[in-house]
Structures are given as structure tokens and as C-alpha cells.
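Encoded as C-alpha cells, the structure appears first; notes follow it.
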Amino acid sequence: MQEKTFAPWDDPEARPLIEFKGVTKQYGEVVAIDNQSVDIFEREFFALLGPSGCGKTTMMRLLGGFEEITAGQILIDGQDMAGIPPNRRPVNMMFQSYALFPHLSVEQNIAFGLKRENLAKSVISDRVSEMLRLVQLQRFASRKPDQLSGGQRQRVALARALAKSPKLLLLDEPLGALDRKLREETQFELMDIQEKTGTTFVIVTHDQEEAMTVASRVAVMDEGRIIQVATPDVIYEAPNTRYVADFIGDVNLVEGHAASDGIDTPLGRFAASHSKIANGAECALALRPEKLSIALKKPTKVDNTVAGKVIDIAYLGNITTYHVEVGGQILKAQVTNASRKVRSGITWEDNVWLSWTKTAGVVLTA
Ligand code: ATP
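Quick note: the sequence shown uses our numbering, first residue 36, plus one each step.
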């Protein structure tokens, strides 16, 4: 995890490591990246997140020098990357299928890039030991890749990519081949290694949980454009559009029109904080399911209440999600099951009340 104080993006004096300036990439008629600008700072763990085809791999390939930009500029450390081939950039890339050399041992795989630099044997062996320690594979140094688990192979690939101390490491769906549990464990290892080495990581993923777990900041993309760049908590709590609210986590979107101090919707007028939205403007109230309370009796002293009927209950062990029909729309309310014994007493077909505070939701115009 990043320390709280690490926020170079908020510091107007901080100089970015990577600058995308009005970058466009076209493949014939297809506009894969549409005039995008973004700054990424040293030591960041930056995630490019979005659905298939949104352009995240293209962003990464442009950065690595595997594709040429159609218009705009990419700077790394203040230097224009135009015409600079991948091997002359201070960048290393770990590909989706982190192909290790099958006939080489773990050690030899990690040493591969260093040997090509004609470094002294002792320098190489020290560096390889250091990398083995970093990814905790000392005991596996002489094994071949096919004698390793998927997670271990992934760590070898990471060690190999970091051996030459690149300023910037690009990771394309690095954990895609791992099962869920191992994936979660490896996410923490990745964060740990990133912090220890101080390398800037840019990761491409379509897995929102992964992006939210590992990243210092997340860029949410759609159709060649970055829709929002922010820290994971801001992306979750203050999404800037319906698209981002809907893409990250679960959300109830209630369409309506702005009113003073709230929003008018077909389900009623709700108190909600918003600024600068003109009365009557089309907008939506985005409410996370865990911010809604559900009860059989109408609660008092709460800003917003609405009556509905339970039509579905999804019990997930740690949480229960109630699907409640309200005026022809389904709203989801999520309750944490903190105790084994306490039951809410709410079941299918029950008439219930949903309630939430004025600050629970976000009013979105885009
Ligand atoms: P995925 O998660 O499926 O890998 P992505 O977000 O990484 O998707 P990109 O690979 O960056 O998406 O592709 C962005 C767009 O550019 C897509 O519409 C894709 O079809 C198009 N595209 C990518 N590479 C090429 C190419 N070499 N020629 C033509 N079109 C391409």
C-alpha cells in the first residue's frame, strides 16, 4: 500500500516521469487512442483499467515503443520518445504470456538480459541473487520453468523484468493466468516488490478489483479515452460519470433532474449534495448498495426513505444483497453479516423501507 503522504499528482511542483500530451493512435480508420493527455509520476503504481477494446494495451505499447503514435507526444523523464526504439527506452515490459525460456533454469532466466549487457560475471551473479531474494525464490534457483507453479513462474518473470533496474516496468495483465486465490496473494507481493524497488509500475488490467487493490491511481478508459484518473477511493466514492460509477463496483443509478438541495426522480425527491448543477438539468443519483439501509419499519430521522418490496436475496456469506423493487426499478441494498446469529428477519415479498443519508449518493450529470 502507498503511504498516505505519497501524492505527487497533487503537488504542482512535482515533475512527472511520463507525460502523454494529446496522444492519438489510429490503426487505419480505427481510433484506438483519441487525443489523450495524462501524467504518471515516479514510484507510482498506475493502473489502466477498462473493458476489452478500450485502448489500454495500446497506451502501454505506445509507452514501450512497440507502436508509433499518430499524433501528440510521449515524454519519459522529460525526453521526447519519438523515434526511440523499445530497447533504448528506460522501460521494461512484462507480457501477458510472460514466456520464460523453458530450457534455462530460474537463475539463467533472470540473468538473461544482464548477460546481453556484457556485465562482469560477479556483478551478474550478485544481481541475480538479489532478485531471487526479492521474489523469494532462492530455493528454486536451479529449477526449470516447468518444475514451477504458475505463481512461481510469474515471480521469475517479474524478477527477470526487474533485473536490469528499469525506471519503468509495464505489466500487461500480469496475473491473468493465475487462479483467484493465488492472484490475490500475488497482488500483495507485487505491491511489496514495487515498493521495495521503487520502480514505477504501469499495469494493464480489465479486473477492477485488481486495479483498486494494487494501484496508487487508476485511469478508467472507454473507447480510446480516459474518463477519470484518480486514487481508488476517489474513483469509488466520487466517480465523475455514470460510466465510471457503473464500471467500478456495484451501483444503483436513479435518473432524474436536479433540484435545489437534491434530485427529483420518478421514485421521489431525494436530498443529495451537489454543487453547480442547474435546477432541472438531467442527472442521476448514484448510490452504492452498502450505503442503503433496509428495514421493515419506516425509519425516522434519516434524510431519504423509499418504500419497496423484496424480490430477491443473494446471500454471499459475508454479505447479503437485497433486490428491492421500488416504483418499477430495482434497488440493491447490501448488509454485512457481522454476526452468525443475528438475522434481519427480512425475506422475499416483504414490504420494506430503504433509507440513506444526504451524503450517501453522488449526483452525476455525465
Ligand atoms: P483487451 O483487453 O481486449 O486487450 P484493450 O483495451 O487492451 O483490449 P487495445 O488492444 O488497446 O484494447 O485495442 C484498442 C482498439 O484498437 C480496439 O478497437 C482494437 O480492435 C484496435 N486495434 C488494436 N490493435 C490493432 C491493430 N494492430 N490493427 C487494427 N486495430 C487494432
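Backbone N, C-alpha and C define an ideal beta-carbon position, used for all residues, glycine too.
Compute the Euclidean distance between the alpha carbons of residue 69 and residue 138, then round it to the nearest angstrom.
-> 43 Å
Would the beta-carbon of residue 65 be found less than 8 Å away from any heavy atom of ligand 1?
-> Because some heavy atom of ligand 1 lies under 8 Å away, the Cβ of residue 65 counts as near it: yes.
Starting from residue 280, follow the alpha helix (DSSP H) in both directions and report where the run begins and ends.
-> 277–282
Look at the Cβ atom of residue 307, then the Cβ atom of residue 288, and state whether they are nearer than 9 Å.
-> no
Below 9 Å between beta carbons: does that hold for residue 325 and residue 354?
-> Closer than 9 Å, so yes.
Just grab the DSSP bridge partners of residue 341 for me.
-> Per DSSP, the beta-bridge partners of residue 341 are 389.
Based on the DSSP secondary-structure assignment, which residues constitute the bridge partners of residue 205?
-> 128, 237
Looking at residue 338 and residue 391, is the spacing between their C-beta atoms short of 9 Å?
-> Their beta carbons are under 9 Å apart, which means residue 391 touches residue 338 by this criterion.
With residue 245 and residue 222 assumed to form a contact (beta carbons below 8 Å), what rounded beta-carbon distance in angstroms separates them?
-> 6 Å
Opposite residue 56 in the DSSP bridges: which residues?
-> 108
Specify, as a first and last residue, the run of the alpha helix (DSSP H) that residue 161 falls within.
-> 156–169
Test item: CB-CB of residue 322 and residue 286 under 9 Å | By the CB criterion at 9 Å, residue 322 and residue 286 fall inside the cutoff.
Could you give the distance in angstroms between the alpha-carbon of residue 61 and the alpha-carbon of residue 67?
-> 6 Å
Proximity test, residue 406 beta-carbon vs ligand 1 heavy atom, cut-off 8 Å = Any question about residue 406 goes unanswered here, given that the chain covers just 36 to 401.
Within 10 angstroms of the Cβ of residue 180, are there 16 or more other Cβ atoms? Answer buried if so, exposed if not.
-> Buried, because 16 or more other Cβ atoms sit within 10 Å of the Cβ of residue 180.
Is residue 207 closer than 9 Å to residue 130 when the C-beta atoms are compared?
-> yes
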